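>
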Amino acid sequence: MEKTWEEMSADEKQEAQFQKLLTPKDPEGNDIQFQSPEAAAAYKASITRIKDAVQLKKTPDRVPVALLPSMFPFINAGMTVQEAMYDYDKAVAAFRKFILEFKPDLHIGAAQAGPGKFYEILDYKLYSWPGHGVAPEHSYQCNEREYMKPEEYDLLITDPSFYFRNFYLPRVFGALEGFTMLPPLTGILEIYGVAFNFIPYALPPVQNTFKALFEAGAEALKWAMAIGGSNAELSSLGFPNILGGFTKAPFDTIGDTLRGTRGIMVDMYRQPEKLLKAMEALVPIMIGMGIGSAQQTGNPQIFIPLHKGADGFLSDDQFKTFYWPTLKAVIEGLIEGGCIPFPALEGHWDSRLEVIQDVPKGKTMWMVDQSDMAKVKETLGKNACLMGNVPSSLLQLATPDEVKTYCRNLIDTAGKDGGFIMMNGAFFDEAKPENIKAMVDVTREFGVY
Amino acid sequence: MAGELGKLLSDLKEAEALDLVKQALAEGADPMELLGQAREGINTVGERFENGTYFIPDLVYSGEILKEIVKLLEPHLGQDKNVKSNRLGPVVVGTVAGDIHDIGKDMVVFMLDISGYEVVDLGIDVPAQKFVEAVKETGSKVVGLSGFLTLAFDSMKETIDAIKSAGLGEDIKIMIGGGQIDDQVRRYTGADAYGRDAMQAVKLTQGWIGG
Numbered sequence: 001m002e003k004t005w006e007e008m009s010a011d012e013k014q015e016a017q018f019q020k021l022l023t024p025k026d027p028e029g030n031d032i033q034f035q036s037p038e039a040a041a042a043y044k045a046s047i048t049r050i051k052d053a054v055q056l057k058k059t060p061d062r063v064p065v066a067l068l069p070s071m072f073p074f075i076n077a078g079m080t081v082q083e084a085m086y087d088y089d090k091a092v093a094a095f096r097k098f099i100l101e102f103k104p105d106l107h108i109g110a111a112q113a114g115p116g117k118f119y120e121i122l123d124y125k126l127y128s129w130p131g132h133g134v135a136p137e138h139s140y141q142c143n144e145r146e147y148m149k150p151e152e153y154d155l156l157i158t159d160p161s162f163y164f165r166n167f168y169l170p171r172v173f174g175a176l177e178g179f180t181m182l183p184p185l186t187g188i189l190e191i192y193g194v195a196f197n198f199i200p201y202a203l204p205p206v207q208n209t210f211k212a213l214f215e216a217g218a219e220a221l222k223w224a225m226a227i228g229g230s231n232a233e234l235s236s237l238g239f240p241n242i243l244g245g246f247t248k249a250p251f252d253t254i255g256d257t258l259r260g261t262r263g264i265m266v267d268m269y270r271q272p273e274k275l276l277k278a279m280e281a282l283v284p285i286m287i288g289m290g291i292g293s294a295q296q297t298g299n300p301q302i303f304i305p306l307h308k309g310a311d312g313f314l315s316d317d318q319f320k321t322f323y324w325p326t327l328k329a330v331i332e333g334l335i336e337g338g339c340i341p342f343p344a345l346e347g348h349w350d351s352r353l354e355v356i357q358d359v360p361k362g363k364t365m366w367m368v369d370q371s372d373m374a375k376v377k378e379t380l381g382k383n384a385c386l387m388g389n390v391p392s393s394l395l396q397l398a399t400p401d402e403v404k405t406y407c408r409n410l411i412d413t414a415g416k417d418g419g420f421i422m423m424n425g426a427f428f429d430e431a432k433p434e435n436i437k438a439m440v441d442v443t444r445e446f447g448v449y
Numbered sequence: 450m451a452g453e454l455g456k457l458l459s460d461l462k463e464a465e466a467l468d469l470v471k472q473a474l475a476e477g478a479d480p481m482e483l484l485g486q487a488r489e490g491i492n493t494v495g496e497r498f499e500n501g502t503y504f505i506p507d508l509v510y511s512g513e514i515l516k517e518i519v520k521l522l523e524p525h526l527g528q529d530k531n532v533k534s535n536r537l538g539p540v541v542v543g544t545v546a547g548d549i550h551d552i553g554k555d556m557v558v559f560m561l562d563i564s565g566y567e568v569v570d571l572g573i574d575v576p577a578q579k580f581v582e583a584v585k586e587t588g589s590k591v592v593g594l595s596g597f598l599t600l601a602f603d604s605m606k607e608t609i610d611a612i613k614s615a616g617l618g619e620d621i622k623i624m625i626g627g628g629q630i631d632d633q634v635r636r637y638t639g640a641d642a643y644g645r646d647a648m649q650a651v652k653l654t655q656g657w658i659g660g
């Protein structure tokens, strides 16, 4: 009898996920019909190549090549970032053109621009975006503040969802002000007094918040249908996207958008116990966030952008105490749940390699930005698939020949015996198209094992 | 008691440092003397950062402790509170046009400040012309441009072109830094140097104008 999902080991779950990827589905859950036998073969070859690169059991037929742009496809198509954020059809058309032009083995979809109107409806304050604080041709940027106050750790630790709804969300979305008036859901227990819990929903600020939510939900769905349709179409043309969702290292969750860089650093001294406890409370939530979205999308790869663990931000001891333990727990939890964690080492991580190499073998894929790739290969690369390391500066400013030389060197070092996917090291807005092409071409030519 | 406050601050002992300040003030100590000690402590923090004992959280925290100390001292400082010791510089620093990231820039400002330089912080999303005006007004010989995004490459180039074509003299040195900045970007923008962290900004500045 076939094992149920719960009965499977992490190995079996990962294998099952890859098998599922070989028969991709559209957003309605139907099997995707490939547009040609060549597209079906290319799709299958890419998935197999990526699977071999990730599992480290077998050397792939060649080094896979992935492209993870930020706003480049839109800018390259002559659009402003503002247009891409507000005209979903135009954005996915530009993304489709980008994929068909450069033909990567792997992409992560056209979600990067995001729905501008949705942000407007909710009065999103966490970011400035084109027309709302930055110029039409520029990308959105984070407004770092202390959205969580230093004295609020106990609230976060006790009930993270209540804290998010009643405190954090109304601070980052102006339209969610009504949430501050809602009682905890856990007060709804039995008939006596149950109705008291619902009185706030009669109040105009709460009703306005819900009206905004309905409107925002409709806009998000409209956007997601455009993106989902585009992903399905690209799959049918032979270009897979295996991104299933995203989650974060608990230290970054608190340090990026709750307490902010300055806030979390001061907390490491003023209230280290509370910070540690809050990060531990976030571990199951961060794991659930990844597994939940993987189940929703049917894709196993869970992106984890890593920020404040980079070289220089923390001392070795601080990294080992505050950053790594809860990140490691999140990575392991995702693997147990059948996901493929996809952490991105943004910036330089050379001093962390000895520590972070301690991950289960053949279960993760790491986006490497500017770390020394030879060193990464000798450490983390023994246990994990590496991707990236082609610098933004090279893609934007160098000649195609310089790009090819850099990539050939990567194939020789990082690509040795498999476990490597050629890719840009950081999400890019601007690049010379001929340099992207050079990166893909040189991999197809010299990346064959 | 001489140097005790500096030591507590440089060892990041916040509660003890603040207690010492309160007690010393109650006993009639000279607030300027205490401020001087605090400055010495911050200098030690800078040295420890430079030699790799301290990291960014330690810098940030020392800055927070200093802020608390100054809060206690301020009511006692009278008119002297704006007295500045002999500072080098000024160094003009800002995040270039189109980019609103401030963390890296703030680190550079902080490190230059505690290293004895007067810093003119122009903030974020700073147009090229504003840098030119600031250099003209202050007679600054060192300019630091920060940028996190790839769009900053062009903004940096435009800013450097603007400074160079404004006839402000050949001897102005320009350094750049930020997420994706490397030597390739330095060559493209025409900057004199780039730095990977805030300490390198201090070293470059020392090399150019001493200190």
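Line by line, the protein sequences are chains Z and E. The numbering used here applies: residue 1 is where the first sequence begins, and numbers increase by one. The numbering used here applies: residue 450 is where the second sequence begins, and numbers increase by one. In this text, a Cβ means the ideal position worked out from N, Cα and C, and glycines have one as well. Keep in mind the model is a prediction, meaning the values are calculated, not measured.
Report back the beta-carbon spacing between L258 of chain Z and Y140 of chain Z to the nearest angstrom; my notes put them in contact at under 8 Å.
The count along the first sequence starts at 1 and reaches residue 258 of chain Z at position 258. The count along the first sequence starts at 1 and reaches residue 140 of chain Z at position 140. Going by Cβ atoms, the distance from L258 of chain Z to Y140 of chain Z rounds to 19 Å, so no, they are not a contact pair.
> Identify whether V545 of chain E lies in helix, strand or coil by the three-state DSSP scheme.
Numbered from its first residue, the second sequence carries residue 545 of chain E at position 96. Reduced to three states, the DSSP call for V545 of chain E is strand.
> Could you work out which residues of chain Z lie near A643 of chain E, taking near to mean beta carbons separated by less than 8 Å?
For this step, residue 643 of chain E is matched to residue 194 along the second sequence. The question names Ala, yet the displayed sequence has Tyr at residue 643 of chain E. Per Cβ cutoff of 8 Å: no residues; Y643 of chain E is ~10 Å from chain Z at best.
> Using 10 angstroms around the beta-carbon of E2 of chain Z, count the other beta-carbons present and answer buried if the total reaches 16, otherwise exposed.
Reading the first sequence from its first residue, position 2 is the one you call residue 2 of chain Z. Classification for E2 of chain Z: exposed.
> Quick check on the DSSP output: what are the complete alpha helix (DSSP H) runs of length 4 or more inside the region 226-307 of chain Z, in order along the chain?
260-270 and 272-297, all fully within the region 226-307 of chain Z.
> Can you tell me whether Y192 of chain Z is buried or exposed, with buried defined as 16 or more other CB within 10 angstroms of its CB?
On the first sequence, residue 192 of chain Z is found 192 positions in, with the first residue counted as 1. When all chains shown are included, Y192 of chain Z counts as exposed.
> To the nearest angstrom, how far is it from the Cα of M71 of chain Z to the Cα of A113 of chain Z?
On the first sequence, position 71 is the one that residue 71 of chain Z refers to. On the first sequence, position 113 is the one that residue 113 of chain Z refers to. Whole-angstrom Cα-Cα distance: 7 Å.
> When you compare each of Z:M8, Z:D26, Z:D89 and Z:E233 to I99 of chain Z by their alpha carbons, which one comes out closest?
Mapped onto the first sequence, residue 99 of chain Z falls at position 99. It is Z:E233 whose Cα lies nearest to the Cα of I99 of chain Z.
> Step through the CB atoms of chain Z and report whether any lies within less than 8 Å of the CB of E496 of chain E.
Translated into positions along the second sequence, residue 496 of chain E becomes position 47. By this cut-off, E496 of chain E is not an interface position.
> Using the C-alpha atoms, what's the distance from L598 of chain E back to G452 of chain E?
Counting from one through the second sequence, the residue named residue 452 of chain E turns up at place 3. Counting from one through the second sequence, the residue named residue 598 of chain E turns up at place 149. In a straight line, the C-alpha of G452 of chain E is about 43 Å away from that of L598 of chain E.
> Give the C-beta separation of F173 of chain Z and L122 of chain Z to the nearest angstrom, bearing in mind that I take them to be a contact with Cβ-Cβ under 8 Å.
Counting from one through the first sequence, the residue named residue 173 of chain Z turns up at place 173. Counting from one through the first sequence, the residue named residue 122 of chain Z turns up at place 122. The Cβ separation is near 4 Å, so the contact holds.
> In chain Z, which residues lie with their C-beta within 8 Å of the C-beta of F504 of chain E?
Walking along the second sequence from the start, residue 504 of chain E turns up at place 55. Within chain Z, the residues near F504 of chain E are G312, F313, L314, S315 and Q318.
> Taking the beta strand (DSSP E) that A642 of chain E falls in, what are its first and last residues?
Start at 1 with the first residue of the second sequence, and residue 642 of chain E comes out as number 193. Run containing A642 of chain E: A642 to G644, per the beta strand (DSSP E) assignment.
> Taking Cβ-Cβ distances below 7 Å as the criterion, which residues of the region 241-275 of chain Z are in contact with chain E?
For the region 241-275 of chain Z, which is checked against every Cβ of chain E, the residues closer than 7 Å are T261, R262, M265, V266, M268 and Y269.
> Evaluate I621 of chain E with the Cβ neighbour count: other Cβ atoms within 10 Å of its Cβ, from every protein chain shown; 16 or more gives buried, anything less gives exposed.
As a working note, residue 621 of chain E is residue 172 in the second sequence. Buried, since its Cβ has 16 or more Cβ neighbours within 10 Å.
> When we look at the beta-carbon of M450 of chain E and count the other beta-carbons within 10 Å, is it buried (16 or more) or exposed?
The count along the second sequence starts at 1 and reaches residue 450 of chain E at position 1. Since pLDDT at M450 of chain E reaches only 41, below the 50 mark, its modelled position is unreliable, and no value is offered.
> Skipping 5 residues on each side, what residues in its chain have a beta carbon closer than 7 Å to that of Q357 of chain Z?
Stepping through the first sequence from its first residue, residue 357 of chain Z is reached at position 357. The answer, listed in chain order, is T379, L380, K382 and N383.
> Report yes if the CB atom of Q396 of chain Z is closer than 8 Å to the CB atom of I340 of chain Z, and no otherwise.
Start at 1 with the first residue of the first sequence, and residue 396 of chain Z comes out as number 396. Start at 1 with the first residue of the first sequence, and residue 340 of chain Z comes out as number 340. Cβ atoms of Q396 of chain Z and I340 of chain Z: not closer than 8 Å.
> Run through DSSP, which three-state label would A10 of chain Z get?
In the first sequence, residue 10 of chain Z corresponds to position 10, counting from 1. If DSSP states are grouped into helix, strand and coil, A10 of chain Z belongs with the helices.
> So, does the region 403-412 of chain Z touch the region 322-329 of chain Z, judging by three or more C-beta pairs under 8 Å?
Judged by Cβ distances under 8 Å, the region 403-412 of chain Z makes no contact with the region 322-329 of chain Z, as fewer than three pairs qualify.
> What do you get for V448 of chain Z, buried or exposed, if any count of 16 or more other CB atoms within 10 angstroms of its CB means buried?
Here residue 448 of chain Z refers to the residue found at position 448 of the first sequence. V448 of chain Z should be labelled exposed.
> Going by the C-beta, is F98 of chain Z closer than 7 Å to any heavy atom of the ligand FMN?
Annotation note on the ligand FMN: not contained in the displayed structure, which lists no ligands.
> Span of the beta strand (DSSP E) holding A344 of chain Z?
Residue 344 of chain Z sits at position 344 when you count from the first residue of the first sequence. Looking at the DSSP string, the run of the beta strand (DSSP E) that includes A344 of chain Z is I340 to L345.
> Starting from A398 of chain Z, find everything on chain E with Cβ-Cβ shorter than 9 Å and list it in chain order.
Looking up residue 398 of chain Z in the first sequence gives position 398. Neighbours of A398 of chain Z on chain E, chain order: Q633.
> With distance defined between alpha-carbon atoms, name the residue in E:I630, E:K590 and E:V581 nearest to T608 of chain E.
Here residue 608 of chain E refers to the residue found at position 159 when the second sequence is read from its first residue. When only C-alpha atoms are compared, the closest one is E:V581.
> With a CB to CB cut of under 8 Å and the five nearest residues on each side skipped, what residues in its chain are close to M373 of chain Z?
Taking the first residue of the first sequence as position 1, residue 373 of chain Z is located at position 373. Excluding sequence neighbours, M373 of chain Z sits near L386, N389, L410, T413 and A414.
> Quick check on DSSP: helix, strand or coil for Y147 of chain Z?
Working through the first sequence from its first residue, we reach residue 147 of chain Z at position 147. If DSSP states are grouped into helix, strand and coil, Y147 of chain Z belongs with coil.
> Report all residues from its chain with a CB closer than 8 Å to the CB of K58 of chain Z; omit the five preceding and five following residues, and keep chain order.
Mapped onto the first sequence, residue 58 of chain Z falls at position 58. Same-chain partners within the cutoff: D52 and G418.
> On the CB-based measure, 16 or more other CB atoms within 10 Å of its CB, does I227 of chain Z come out buried or exposed?
Against the first sequence, residue 227 of chain Z aligns to sequence position 227. The residue in question, I227 of chain Z, is buried, as its Cβ has 16 or more Cβ neighbours within 10 Å.
> Can you tell which of Z:F198, Z:I242, Z:G244 and Z:M268 has the C-alpha that lies nearest to the C-alpha of F251 of chain Z?
As a working mapping, residue 251 of chain Z is identified with position 251 in the first sequence. Answer by Cα proximity: Z:M268.
> Please report how far the alpha carbon of S46 of chain Z lies from the alpha carbon of F239 of chain Z, in whole angstroms.
Position 46 of the first sequence, counted from the first residue, corresponds to residue 46 of chain Z. Position 239 of the first sequence, counted from the first residue, corresponds to residue 239 of chain Z. Rounded to whole angstroms, S46 of chain Z to F239 of chain Z spans 8 Å at the Cα level.
> Between which two residues does the alpha helix (DSSP H) harbouring E28 of chain Z extend?
The sequence position of residue 28 of chain Z within the first sequence is 28, counting from 1. Premise fails: E28 of chain Z is in no alpha helix (DSSP H) and is neither H nor E.
> In angstroms, rounded to a whole number, what distance separates the CA positions of P576 of chain E and A546 of chain E?
For the purposes of this step, residue 576 of chain E is taken as the residue at position 127 of the second sequence. For the purposes of this step, residue 546 of chain E is taken as the residue at position 97 of the second sequence. P576 of chain E and A546 of chain E: Cα-Cα distance of roughly 5 Å.
> Measuring CB to CB, does L282 of chain Z end up less than 8 Å from T253 of chain Z?
For the purposes of this step, residue 282 of chain Z is identified with residue 282 of the first sequence, where counting begins at 1. For the purposes of this step, residue 253 of chain Z is identified with residue 253 of the first sequence, where counting begins at 1. Yes, the pair counts as a contact, with Cβ atoms nearer than the cut-off.
> Is the CB-CB distance between Q55 of chain Z and G362 of chain Z below 8 Å?
The sequence position of residue 55 of chain Z within the first sequence is 55, counting from 1. The sequence position of residue 362 of chain Z within the first sequence is 362, counting from 1. In this structure, G362 of chain Z lies closer than 8 Å to Q55 of chain Z by Cβ.
> Is the region 312-321 of chain Z in contact with the region 488-504 of chain E, if contact means three or more CB pairs nearer than 8 Å?
Because the criterion of three Cβ pairs below 8 Å is met, the region 312-321 of chain Z and the region 488-504 of chain E touch.
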